[in-house]
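> Residue 579 in our numbering sits at position 574 of the sequence shown; the count goes up by one each step and never skips. Here a beta-carbon is modelled for each residue, glycine too, at the ideal position from N, C-alpha and C. Fair warning: this is a prediction, and the values are worked out from it, not measured in the lab.
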Amino acid sequence: MTYSFLPVSQKDMEQRDWDILDFLFISADAYVDHPSFGHAIITRILENAGFKVGIIPQPDWRDTKNFARLGRPQLGVLVSAGNLDSMLNKLTASKKSRSTDSYSPGGKAGQRPDRATIAYCNRIRELWGNIPLIIGGIEASLRRFAHYDYWSDAVRRSILIDSQADLLVYGMGEKQISQIAELLKKGIPVSEIRDIHGTCYKNQSIERLWDYEECPSFESVVSDKAAFAEAFRIQYLEQDPVRGKTVVQRHDNFYVVQNPPAAPLSTSELDAVYQLPYTRTWHPMYEKEGGVPALKEVEFSLTTHRGCFGSCAFCAITSHQGRIIQSRSEESVMDEAILLTKLPGFKGYIHDVGGPTANFNRPSCDEQLLRGTCKNKQCIGPVPCGNLRVDHEGYLELLHKLRALPGVKKVFIRSGIRFDYLLADKKSSRRFLEELCRYHVSGQLKVAPEHVSENVLTLMGKSGKNVYEQFMKEYENMNKKLGKKQYLVPYFISSHPGAGLKEAIELAEFVRDLNFMPEQVQDFIPTPGSLATCMYYTEINPLTRETVYVPKSSHERKLQRALLQYRNPSNHRFVREALKIAGREDLIGWGEKCLVPPEKKESRERQERRGKGKSKRRH
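1) Would you say G421 and A363 are within 7 angstroms of each other, going by their C-beta atoms?
2) Quick one: what's P62 bridged to in DSSP?
3) For K258, collect the residues of the same chain with a Cβ closer than 8 angstroms to its Cβ; drop the 5 residues on either side in sequence, then sort them by chain order.
4) Can you have a look at K489 and say buried or exposed, based on whether 16 or more other CB atoms are within 10 angstroms of its CB?
5) Which class does V416 belong to by DSSP, given the choice of helix, strand or coil?
6) Using only the alpha-carbon positions, how far apart do S499 and S102 sit?
7) With distances taken Cα to Cα, identify the nearest neighbour of G386 among M465, R120, G141.
8) Select from P298, R367, W215, N484 the residue whose C-alpha is nearest the C-alpha of V446.
9) Taking 7 angstroms as the limit between beta carbons, can you name the residues of its chain near P556, skipping five residues before and five after?
10) Within 10 Å of its beta-carbon, does G134 have 16 or more other beta-carbons around it, so buried, or fewer, so exposed?
11) Is it right to say N94 is buried, meaning 16 or more other beta carbons lie within 10 angstroms of its own, or is it exposed?
12) So what does R161 bridge to, in DSSP terms?
13) Could you say if the segment 216–226 and the segment 277–285 meet the contact criterion of at least three C-beta pairs nearer than 8 angstroms?
14) Just reading off the alpha helix (DSSP H) that N493 is part of, what are its end residues?
15) Cα separation between R328 and V160?
16) Does the segment 469–483 touch the segment 425–444, meaning 3 or more C-beta pairs lie closer than 8 angstroms?
17) Using 6 angstroms as the cut-off, classify the Cβ of R517 as near or not near the heavy atoms of the ligand SAM, replying yes or no.
18) Pull up the distance between the alpha-carbon of T7 and that of T286, whole angstroms please.
19) Say whether the segment 583–600 touches the segment 532–544, bearing in mind that this needs 3 or more beta-carbon pairs closer than 8 angstroms, one atom from each stretch.
20) Starting from N208 and walking both ways along the beta strand (DSSP E), at which residues does that stretch end?
21) Counting C-beta neighbours from all protein chains within 10 Å, is the total for H44 16 or more, i.e. buried, or is it exposed?
22) Quick one: what does DSSP say L51 is sitting in, helix, strand or coil?
23) Could you tell me which of L173, L512, L375 sits nearest to Q263, measuring between CA atoms?
24) What does G141 pair with, by DSSP beta-bridge criteria?
25) Looking only at C-alpha atoms, which of D200, E544, I586 sits nearest to A232?
26) In its own chain, which residues sit with a C-beta less than 6 angstroms from the C-beta of D229, not counting the 5 before and 5 after it?
27) Mapping the DSSP letters down to three states, classify T105 as helix, strand or coil.
28) Reducing DSSP to helix, strand and coil, say where Q527 ends up.
29) Just to confirm the assignment: which complete alpha helix (DSSP H) runs, minimum length 4, are found wholly within the segment 349–434?
30) Determine the extent of the beta strand (DSSP E) in which K230 is found, giving its start and end residues.
31) Please state whether DSSP places A587 in a helix, a strand or coil.
32) Excluding sequence positions up to five away, which residues of its chain have a Cβ less than 7 angstroms from the Cβ of L548?
33) Between I593 and R581, is the Cβ-Cβ spacing less than 7 angstroms?
34) Considering only C-alpha positions, which residue in the set G178, E508, G448, A33 is nearest to I50?
35) When you compare only the Cα positions, how much space is there between Q525 and T97?
36) Skipping 5 residues on each side, what residues in its chain have a beta carbon closer than 6 angstroms to that of R130?
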């Protein structure tokens, strides 16, 4: 069955006999009507509820003309910067402009403004004054309080203040937007919508609030890093839909008020999201540019769940999707898989089956839905909680059924597995590993140990080096048993808080002993809203209040990156410099354990000394 796209022009509205929209959605991403794109889900949710919705993707932000092309909507304007923070989308860890943008037509960069949410909202206010204005998406979600912005190297105000929006939807917004839309439809002023979980608003008074946590003000966190760390600690610990409290933060004459997170979607609710009539492709207006590259990564993939209890310090998924796993039913996933097999371009390969972490397919313990996640305790890292429930049985059964579908040749798992969670499964780890190696890997399995220094791993919230070494052995042995030559491709992060040159050298030696040369190295990027970003800015672990070493200078970051790619001749001088600074000249030379050869001058001098020694022995 073929479904139409939502209106992007007056002509589209006329074809539907619409004179006026209920809601206008402004997106910094190109329009792709697929459930991996936030704008597609939210607009289809509203359409399904009976609202007239139009979308303007990537409008020219330099004036108001492009924003007005569908007319003023009756109920409100929704604004999102897209699937990525707009600054992360544009700039690298070294703050250089990216040459491509996967979420734009043809992958062309430059189609969105810096700080897209703010830029778009300011144009909307200029155009339509006090129209209800609601912001959401990951950029809004992770910048909802005063936050450190790496690209300006400054603490910025809540995006709710700078955007002039009325409401901010944080997290996955299906429940929130449905409630907001119904209230606006009933004529409730947006200024009176104050009680919806998973939203933030600004107010001049908090007199009517009760049972809330107030964190240090914007003015305090700008001038005092310890206050910033304390504010983050309060915000971080209250991100739970069951036990979380309202959190407030003063900004000048306003308070930013965050209601507790929205309740997780039930299985039936999540199934319903994926049953909406997506066209599952980019809008035809992009055909001349060759479409939108980001779709190719997810077009033939299956999302089985949301949320992640891994709580890696450098990742903001916990603050956006939450720690409580929300899973689709097997029936829903199978129905979508059958749909994939009928799509044009399907060649028999399902590219991924999973979520933020592929093998997290159930809540980490049975009581979370009743009492919430633990406030001061993590589920799996650095050490698994004693109450952690590990179960791969349902995932294995799903994979088996997917492989058996007519037209399916291969089912890959590319979203990444947690090997520590796999090893913790005393019942089915061997079976899962065997099926993973036999059916779901094609030559290489990508995993993310991230580092090997115990101190760094603890700050990351990751399991220890010994756990990865155990997994390497078991993976190797399993492939030998199956007669397969398949390899692990580990991902590592350089310059994470806690990692000095000593730790970077430890990682380089580990890579050396693996006989592995990373083609790409991910420098730590302090993205808004993450625990590691707080550490980066404040040099404090907000959860323990302990001081953390942070490699901040661009030169040290370059040295750490070079150490991971020490075999590249262009990096040799940086590696030698790092080793000399750290007092590890023993790793400079021609020995088996050495990382780099000596400089040519040093090499000549050594040869000369060696030659003189031989000459003396002759006489």
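Judging by the given coordinates:
1) Contact check for G421 against A363 passes: the beta carbons are separated by less than 7 angstroms.
2) For P62, which the question treats as bridged, DSSP gives the partners S32.
3) The residue you asked about is not Lys; residue 258 is Asn in the sequence shown. So the list reads Q209, once near-sequence residues are dropped.
4) exposed
5) strand
6) 20 angstroms
7) M465
8) N484
9) S500, A504, G505, R562, Q565
10) Counting Cβ neighbours within 10 Å, G134 comes out exposed, since fewer than 16 surround it.
11) So N94 counts as buried.
12) Looking at the DSSP assignment, R161 forms a beta bridge with H152.
13) no
14) The question names Asn, yet the displayed sequence has Leu at residue 493. Where L493 is concerned, there is no enclosing alpha helix (DSSP H), although the beta strand (DSSP E) it sits in stretches over 492–499.
15) 26 angstroms
16) Per the Cβ contact rule, the segment 425–444 is in contact with the segment 469–483 (3 or more Cβ pairs under 8 angstroms).
17) The ligand SAM is not part of this structure, which contains no ligands at all.
18) Here the model assigns T7 a pLDDT of 44, short of 50, so the residue's position is not dependable and the matter cannot be decided.
19) no
20) 204–208
21) buried
22) helix
23) L173
24) S85
25) E544
26) The beta carbon of D229 sits closer than 6 angstroms to no other beta carbon from its chain once the five residues preceding and following it are set aside.
27) strand
28) strand
29) 373–376, 398–408, 424–428
30) Looking at the DSSP string, K230 is not in any beta strand (DSSP E); the run it does join, the alpha helix (DSSP H), is 230–242.
31) coil
32) R238
33) yes
34) G178
35) Straight across, the Cα-Cα distance linking Q525 with T97 is about 13 angstroms.
36) Excluding positions up to five away in sequence, the list reads Q169.
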